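Per the UniProt record's numbering, the sequence shown runs over residues 1 to 296.
Virtual Cβ for every residue (Gly too), placed ideally from N, Cα, C.
Fair warning: this is a prediction, and the values are worked out from it, not measured in the lab.
Single-structure report; data block below.
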Amino acid sequence: MCSFLPSLYNALSRKNSALHVIIDHMIRIASVNVNGVRAAWRKGMPTWVDAAKPDFITLQEVRAANDIAHSVLADTGYTTISHDAEAKGRAGVAVMARTEPEAVREGLGDDGYFDRAGRWVETDYRLGDGSLLTLVSAYVHSGEADTPKQDDKYRFLDRMIERMPQLAKTADHVLITGDLNVCHTERDLKNWKANRKKSGFLPEERAYFDKFFGEIGYVDVHRRLSGDVDGPYTWWSMRGKAFDNDTGWRIDYQMATPTLADAAVKATVDKADSWAERWSDHAPLVIDYDLPDVKA
């Protein structure tokens, strides 16, 4: 099993000590790389949160210590779980929820190598029908071909290969969300031919996703709902006309165990209307899940 550190979190929306149970029939889960939560919050993220009204929001590249992240998100009405990185100003993942978790686990792998990397946090929530949802916020290394950065990326993906089947055995529903920094197929990258030898579209990286969605049995929920189309992309370079021309990459995922994937009904990439209105270089991936057996 994985080696985890205790998690620091604030119950920002707590009204009493009882566990809040999710009883709605539709659960909206959003995931987004915020490219620094403080900057995103200043640039307009609160407006999006108010409009989208997710039940859960997973964040990647928070780039703030836990106490700072909690301070920024203190008045949102969400309970925030954050896992910062030992390296100041780097990485960082978080989960914002309208309910409190039953359990929180940080890090990935038995050897402790990624315990303080700020790249993986697991949260458990009890749904109204008694089933257990494990929600993960993950931030895979961007990597760089033929460098130690790429070695760390493969090491992290190896740990995911180990952990994903374990999670599927211990929870009724598992959802792994986040910026995974790999385009699985040519449909996921506008200029795929020019990027075949670059990190993010290397055949060795894509092979991990073949395994995620094959042997291990998880489902790429966004792709299932969107169909066999180009994109929809979730990241665009801040340089040039990439955003305006929709020259993007689909590197943000929601990977679900089959029963949860079958409950997904709608996926949306909340791309900003203009370059000037962006509050991150990523757009939120928002998916609605219909759980008909959920009851009070």
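Within 10 Å of its beta-carbon, does residue i have 16 or more other beta-carbons around it, so buried, or fewer, so exposed?
| i | result |
| --- | --- |
| residue 23 | Residue confidence for residue 23 is low, a pLDDT of 48 falling below 50, so the modelled location carries little weight; the figure read from the coordinates is stated next. With fewer than 16 Cβ atoms within 10 Å of its Cβ, residue 23 is classed as exposed. |
| residue 118 | buried |
| residue 176 | buried |
| residue 287 | buried |
| residue 159 | buried |
| residue 239 | exposed |
| residue 66 | buried |
| residue 47 | exposed |
| residue 342 | In the structure as shown, the chain begins at 1 and stops at 296. Residue 342 is therefore absent and cannot be evaluated. |
Please confirm whether residue i has its beta-carbon closer than 8 Å to some beta-carbon of chain D.
| i | result |
| --- | --- |
| residue 83 | Considering every chain present, this structure includes no chain D. It has just one protein chain. |
Among residues of its own chain, excluding the 5 on either side of residue i, which ones have a beta-carbon nearer than 6 Å to its beta-carbon?
| i | result |
| --- | --- |
| residue 289 | 27, 263, 264 |
| residue 279 | 40, 43, 44, 45 |
Between which two residues does the beta strand (DSSP E) containing residue i stretch?
| i | result |
| --- | --- |
| residue 56 | 56-60 |
| residue 139 | 132-139 |
| residue 67 | Counting along the chain, residue 67 falls outside any beta strand (DSSP E), though it belongs to the alpha helix (DSSP H) covering 66-72. |
| residue 120 | 120-126 |
| residue 28 | 26-33 |
| residue 110 | Run containing residue 110: none; DSSP gives neither H nor E here. |
| residue 87 | Element bounds for residue 87: n/a, residue is neither H nor E. |
Take residue i as the anchor and find which of the options has the nearest alpha-carbon.
| i | options | result |
| --- | --- | --- |
| residue 114 | 144, 155, 130, 94 | 155 |
| residue 30 | 193, 106, 92, 136 | 136 |
| residue 269 | 89, 258, 236 | 236 |
| residue 174 | 209, 132, 201 | 132 |
| residue 197 | 75, 223, 183 | 183 |
| residue 73 | 242, 254, 58 | 58 |
| residue 172 | 152, 92, 256 | 256 |
| residue 216 | 98, 241, 165 | 165 |
| residue 274 | 266, 283, 267 | 283 |
| residue 193 | 32, 249, 95, 90 | 249 |
| residue 225 | 207, 266, 234 | 266 |
Could you pull the start and end residues of the alpha helix (DSSP H) that residue i belongs to?
| i | result |
| --- | --- |
| residue 208 | 203-212 |
| residue 316 | Residue 316 cannot be examined here, being either before or after the span of the chain that is shown, 1 to 296. |
| residue 174 | Taken as a continuous stretch (DSSP letters only), residue 174 belongs to no alpha helix (DSSP H), being part of the beta strand (DSSP E) at 173-179. |
| residue 154 | 148-170 |
| residue 37 | 37-43 |
Quick check for students: name the residue ranges of the alpha helix (DSSP H) that lie wholly in the region 212-288, counting only runs of 4 or more. Here the runs fully enclosed are 221-226, 258-262.
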